[in-house]
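Okay, so here's the structure we're looking at.
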Amino acid sequence: MAQKQTIGDNKKPTLVSINRTAIDPNGCIGSLYNGYRDVLCEKLPWSNEDKLTKVLKKPQCIMKKGKKDQNESLLQIINVPEGLRLSVLLRPTGNNGIAAIINYPYPINEYTRFLLYSYVYEEEQVSEKLSKKQKMVKSVISLASATHIITCISYGIDVVVVLQLPFDKALATAIDDALQRICIHLNDEQNVLILKSDDEHILEQITNTMVYSNIPSLMELSTVYDVYLYIDENKNENIHRPIMYTLQPIKWLFPDYNEPNAYFNLIPPEFDREVEQYLIYLSNVLKNIKYSLDFSDNGLMYKYLEDQIYKKQCQWLILSKMHDHIIARLRRLIIDLRKNRTTVSKRDQLFYHVDHVNFEKSAQILQENLNDFKNKEKLIVGLRDQHFEYCNAAQLNLTKYNYEKTLKCKLKMKDRNNKILCTTDTLNKKNGSKLNLLRNQLAKECEINQNLYITYADFSYSIVELEDIEILTTSQTNNNKKSHLQKSSSTETKNKTSTSQQSLPSSLITNDNINILLLGETGVGKSTFINAFVNYLKFKTFEQAQSNTPIVLIPVSFLMTVGDDFQERLIKFGDFDSSNNEDFDHPGESVTQHCRMYEFHLSDNDEKKLCIIDTPGFGDTRGLDQDDLNMQDILEYINELTHLNAICFLLKPNASKLHTFFRMCFIQLLDLLGPNAYQNIIFCFTNARSTFYGPGDTAPLIKTMLKSFSINNIPFKKDNTFCFDNESFRYLVALQNGIEFNNDEKHDYKESWSISVKESYRLIDYIHGNLITYRSNNECKSNKHAQVEISHMIRPMLTTMQNILQNLILSKTNIKNKSITMFPKAIHRPASICLSCKPYPLQFGNFWIARNIPHEFLKTCLVCSCTIEQHIAIHYVLNSEYSNKSVSNHPEEMINMVNQLCTIGAEFDYFLVHITHSSKNDLFLPGLLRMIDEENKLCQSQKPNHLNSQLIKELTRLKCQYENRIEEFKSNQQLIDLLIINEHITTIRKYPLIQMQLDIMKQTQKMMTEPYEVSQD
21 MAQKQTIGDN
31 KKPTLVSINR
41 TAIDPNGCIG
51 SLYNGYRDVL
61 CEKLPWSNED
71 KLTKVLKKPQ
81 CIMKKGKKDQ
91 NESLLQIINV
101 PEGLRLSVLL
111 RPTGNNGIAA
121 IINYPYPINE
131 YTRFLLYSYV
141 YEEEQVSEKL
151 SKKQKMVKSV
161 ISLASATHII
171 TCISYGIDVV
181 VVLQLPFDKA
191 LATAIDDALQ
201 RICIHLNDEQ
211 NVLILKSDDE
221 HILEQITNTM
231 VYSNIPSLME
241 LSTVYDVYLY
251 IDENKNENIH
261 RPIMYTLQPI
271 KWLFPDYNEP
281 NAYFNLIPPE
291 FDREVEQYLI
301 YLSNVLKNIK
311 YSLDFSDNGL
321 MYKYLEDQIY
331 KKQCQWLILS
341 KMHDHIIARL
351 RRLIIDLRKN
361 RTTVSKRDQL
371 FYHVDHVNFE
381 KSAQILQENL
391 NDFKNKEKLI
401 VGLRDQHFEY
411 CNAAQLNLTK
421 YNYEKTLKCK
431 LKMKDRNNKI
441 LCTTDTLNKK
451 NGSKLNLLRN
461 QLAKECEINQ
471 NLYITYADFS
481 YSIVELEDIE
491 ILTTSQTNNN
501 KKSHLQKSSS
511 TETKNKTSTS
521 QQSLPSSLIT
531 NDNINILLLG
541 ETGVGKSTFI
551 NAFVNYLKFK
561 TFEQAQSNTP
571 IVLIPVSFLM
581 TVGDDFQERL
591 IKFGDFDSSN
601 NEDFDHPGES
611 VTQHCRMYEF
621 HLSDNDEKKL
631 CIIDTPGFGD
641 TRGLDQDDLN
651 MQDILEYINE
661 LTHLNAICFL
671 LKPNASKLHT
681 FFRMCFIQLL
691 DLLGPNAYQN
701 IIFCFTNARS
711 TFYGPGDTAP
721 LIKTMLKSFS
731 INNIPFKKDN
741 TFCFDNESFR
751 YLVALQNGIE
761 FNNDEKHDYK
771 ESWSISVKES
781 YRLIDYIHGN
791 LITYRSNNEC
801 KSNKHAQVEI
811 SHMIRPMLTT
821 MQNILQNLIL
831 SKTNIKNKSI
841 TMFPKAIHRP
851 ASICLSCKPY
861 PLQFGNFWIA
871 RNIPHEFLKT
881 CLVCSCTIEQ
891 HIAIHYVLNS
901 EYSNKSVSNH
911 PEEMINMVNQ
921 LCTIGAEFDY
931 FLVHITHSSK
941 NDLFLPGLLR
951 MIDEENKLCQ
961 SQKPNHLNSQ
971 LIKELTRLKC
981 QYENRIEEFK
991 SNQQLIDLLI
1001 INEHITTIRK
1011 YPLIQMQLDI
1021 MKQTQKMMTE
1031 PYEVSQD
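The number in the working numbering is simply the position in the sequence shown, starting from 1, with 20 added.
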């Protein structure tokens, strides 16, 4: 058995000088230095007479080639001293200048080149006459954590250019020759650089250039030729900064100083190198996985597996956090060893620790997932060659009960037949021969039949679990035959649900759907009412209803007392597993999470559909803030509708008072829709059996409220008031749960059913015969309408400003034919971004971009455990691309654009606060502040970051411009009228990127609010 090696023996270490690369350029002769952490401490008073300066002007330039399996660390390649390399690798942030090379994001291979240049202009060291200093600074030293003092500094230029050459041997050789000529010239000041006529063109073929230097201006350059020109022009100018520090122990200056920090234990080189190799291994694992992940993000996989890539990016962030924990543990260990405070068995401490084991497991799983991505990419390419269209079934919101019907409807092609091959990766592995047989069979059919469209539906990431590989077939769409998207629960698919045509007026058959908006307090029973209403229209008699399975559009859950001892039974019915819009787990909170339309046909041979829009309830126990969010969701949904036939307020009879937010809801709705919608308001009452099917004591409360509005043309009378009893529907559901009822109860429910059926048809007749359809348009008719429009525009405005500034900065840095293009993409499930969770960093050239991973948000966040308040709902994801063409706008034009957007943003906020009195104050400013904070965090964690630093300056300038504009309004007591706001909204829509984001928002809303239609099969 090998003997365990122990580091640290509690002996007093020998006092020796050490060299340290000047990562922090702020050191000077006499600066104190903490060797345990390799950081500068405070400066001692030191006069120039105690310094000696020698001018050297010593250049050195060499080129090194990378290797495919690079054993040598990047810090070794650039000649960072051994002890310091360990500190740099253990430092979470603060590695500036040349040490930032450890953040180099790309794999090293045989086409990687390192151009190392060092120009020591002068060297400064301490004078030998130091006896007077010793007494002067002892008191300062005793308070410091310093172990050393800087006694010599080399000043000059230190730069490393990391180049990635094209994967072409001949071109790489030509580039190497040009680089060697640059090296020869930089090594000998007397030579004049002689480049061949095509050398500049050859150097432009370098695919990636990263510059690391102690001179900030050099790090802002983007080509090796620009670096050469800068050095050649400025090497003897006053730009020099520290390159290397020589450190002496404190006891070298003060032999009688015996504080604990006076002793610095040098870790044995063998152990130092082993820890370094281990840290490099961890870093490479993290980098290589990220590189593979980022490669997938920019390729074919992103088009089809966007959600899966986001999940892997989240996993990488978790892996990165695990890496940080290992680093923190090892950092404490190394500091203790340098302080000679501990001994350690290196194997146990390094390789057998639980956090390392967890890191290895997670990294392996993530790498296997990425390998699966590569295999999936090969599969998709192969499918394309066979003329298959790839479809990721997870993006279609399928459920296990309706996936076949919905898949056929969504993939149905106009004037073409479609065959859909449904399978998963697991099924493919089990039945590879069957898969190949079916693929080849369909491919041959497609070759023969030009009217056939073939699709590969991948269920690998879907909640639907397939039992076997199967083929679904759809026929071409007949334009003379109605075709409807159908989504249904398991019970819906078993029943014909169209109402009897003879029960409805024939004049109802028109092209427009009947849209009914349903509003009410939390707990009033809106979802139950929709279920009951559909059944009332479907089953005209109580006997029909009892003999059939009830239609359940929305899952229901309620308590019922049964038996002589009044036992409570929880009654459930419907597809709870696939329901993502209802939350039954928090009593007092709105069950419905978002607006959702439910539709069904009024007759078998009629294309007209009755569409009831369920909405989140107000009066939520989570408070007015949640009510505000729910109301915003309702207003935004209404704003996108083409028309409304009726606005139905659902209430309970005999209420003692109306909820405060009921009045607020009424006012906001009237403000949004305007007077033309007043006549479309109707009132429905549930549980009205106890008040003999009348509105009870709630009626005078409504009359009082309407009177307080000073609006006389909102009707509240028998004609537009309808009373129902949802208990009869609950009776049907209870029967499905095996609950028995006595004859008296059955009689009451039968009577209730009959009355509710009559009221249902009276409501339909009233809407058709008495109400004029309310039509909406895109003009802001009211302050509330403008408020909704502005809330949609804030994020597009901010991201457009950010993108314009990014490209403005790129244009100023003379980076040719490069720009950052943003493109929005719709999301198919509710999502948010978390302000607490770390974003995923992406690099575009020298620009860092923080990608906020969308967190799927149904009833709670499915990604993190952060509070709801830390989440901001989003309507689309925004991704970026590093384009090979520059923007066409002139820099001055770009500056004017961001200034205009910022000014309008300030006026929007002022309008929201002082005109509409919105509770969501300053929508624009918090977004701008979040953007600045996000960029600051990027600069702290990612190097080099000079472009992001410039972006922060520009954003901060805009923040000041915003504040000045707000102050102008306040000091002048200005008011902004609706006409000006409408003009601003029109102006904003003229920005292509903003309009693109607004259009994508509509796509998202369309996908997430697809109506749930009652099946007619």
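Yeah, the Cβ is synthetic: ideal placement off N, Cα and C, and Gly gets one too.
Counting only runs of at least 3 residues, the region 60–101 fully encloses the following beta strand (DSSP E) elements, listed from N- to C-terminal order: 71–85.
If the five residues before and after L655 are omitted, its C-beta is found closer than 6 Å to the C-beta atoms of L692, V808, all from its own chain and listed in chain order. For D178, the beta-bridge partners assigned by DSSP are S138.
Here P861 is not near Y232, since their CB atoms are 9 Å or more apart.
The region 688–774 contains, as complete alpha helix (DSSP H) runs of 4+ residues, the segments 718–728, 747–756 (chain order). Taking C-beta separations shorter than 8 Å and ignoring five residues to either side along the sequence, the partners of L726 in its chain run I734, F736, following chain order. D208 is classed as exposed because its beta carbon has fewer than 16 other beta carbons within 10 Å across all chains shown. For the pair E144 and K255, the CB atoms are not nearer than the 9 Å cut-off. Listed in chain order, the beta strand (DSSP E) runs fully inside the region 383–443 are 408–412, 437–443, counting runs of at least 3 residues.
For the pair Q415 and E485, the Cα-to-Cα distance works out to about 15 Å. Rounded to the nearest angstrom, the gap between the Cα atoms of C615 and L339 is 37 Å. Using a C-beta cut-off of 8 Å, the region 976–990 makes contact with the region 921–932, since at least three inter-stretch Cβ pairs fall below that distance.
Here the alpha carbons of N115 and L350 stand approximately 17 Å from one another.
A Cβ-Cβ distance of about 5 Å is found for the pair I82 and L136, placing them in contact under the 8 Å criterion. In terms of CA proximity to V582, A754 leads the group A754, Q699, Y698, T561. If the five residues before and after L752 are omitted, its C-beta is found closer than 8 Å to the C-beta atoms of N555, A565, Q566, P570, all from its own chain and listed in chain order.
When the alpha-carbon of Q1023 is set against those of Q461, H848, D314, the nearest one is in H848. Short of 8 Å from the beta carbon of N533, and not among the five residues preceding or following it, lie these beta carbons of its own chain, in chain order: E619, K628, K629, L630, C631. Under the three-state reduction of DSSP output, S961 falls in the helix class. Taking one beta carbon from each stretch, the region 195–204 and the region 297–305 have fewer than 3 pairs nearer than 8 Å; the two do not touch. Listed in chain order, the non-local C-beta contacts of E424 below 7 Å within the same chain comprise L492, local neighbours out to five positions each way being set aside.
Taking all protein chains in view, the Cβ of R352 is surrounded by fewer than 16 other Cβ atoms within 10 Å, so the residue is classified as exposed. By the Cβ neighbour-count rule, P575 is buried, with 16 or more other Cβ atoms within 10 Å of its own. Taking L1013 as the centre and dropping the five residues before and after it, the same chain places the C-beta of P816, T819, T820, N823, M842 closer than 8 Å to its C-beta, in chain order. Across the set K74, I270, Y245, the C-alpha of I270 shows the shortest separation from the C-alpha of G50.
Unbroken beta strand (DSSP E) runs of no fewer than 3 residues, entirely contained in the region 809–894, are found at 839–854, 860–864, 867–871, following chain order.
When C-alpha distances from S676 are compared across M651, S312, I722, G176, the shortest belongs to I722. Under the three-state reduction of DSSP, G540 is assigned to strand. Inter-residue distance for T41 and N99 is about 9 Å (C-alpha atoms, whole angstroms). By the CB criterion at 9 Å, L455 and L447 fall inside the cutoff. If you draw a 10 Å sphere on the C-beta of Y372, you find fewer than 16 other C-beta atoms in it, and that means exposed. Around the beta-carbon of V897, 16 or more other beta-carbon atoms lie within 10 Å, marking it buried.
Using a Cβ distance threshold of 9 Å, I128 and K87 count as a contacting pair. Collapsing the DSSP output to three states places C685 in a helix. In this structure V75 is exposed. Its beta-carbon is surrounded by fewer than 16 other beta-carbon atoms within 10 angstroms. Checking the DSSP bridge columns, you'll see C668 partnered with L538, I702.
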